[in-house]
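Under the numbering used here, residues 3 to 92 are what the sequence shown spells out, in order.
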Amino acid sequence: MTRPGPPPGGFPARPGPPAGGSFPARPGPPVGVRPAPPPDLGDDETRHPAVDAAVRAIANAATLAPADQIAQYEAAYETLRETLATIDQT
């Protein structure tokens, strides 16, 4: 059995990395800027304690190591998902 080889004339050339061998740096968040908790709206009847706690946990995650941030974000996401599901049922 014969294995197929490259097409006659070879494969077309693929573009390589940019000249200089490096990619431009991605922009990051501005230095010293951190997310803040939402402003106090003064109307506790429209707020939900579980949502407020999840938002605070997300804001506090900025002080953690990246691996720990992921766990915080996942926990906050799960809390928000469950809370919204219960709100939709009422």
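We treat Cβ as the ideally placed atom computed from N, Cα and C, and that holds for glycine.
Excluding sequence positions up to five before and after residue 53, its CB lies within less than 7 Å of the CB of 82 and 85, all in the same chain and listed in chain order. With contacts defined by Cβ atoms closer than 7 Å, residue 78 and residue 56 form a contacting pair. Taking C-beta atoms under 8 Å as the contact rule, residue 74 and residue 89 fail to qualify, at a distance of about 22 Å.
In the DSSP annotation of this structure, the continuous segment of the alpha helix (DSSP H) that includes residue 81 starts and ends at 68-91.
Here DSSP, grouped into helix, strand and coil, assigns residue 4 to coil. Annotation: the continuous alpha helix (DSSP H) that includes residue 51 extends over 51-62. A direct Cα-to-Cα measurement between residue 7 and residue 13 gives close to 10 Å.
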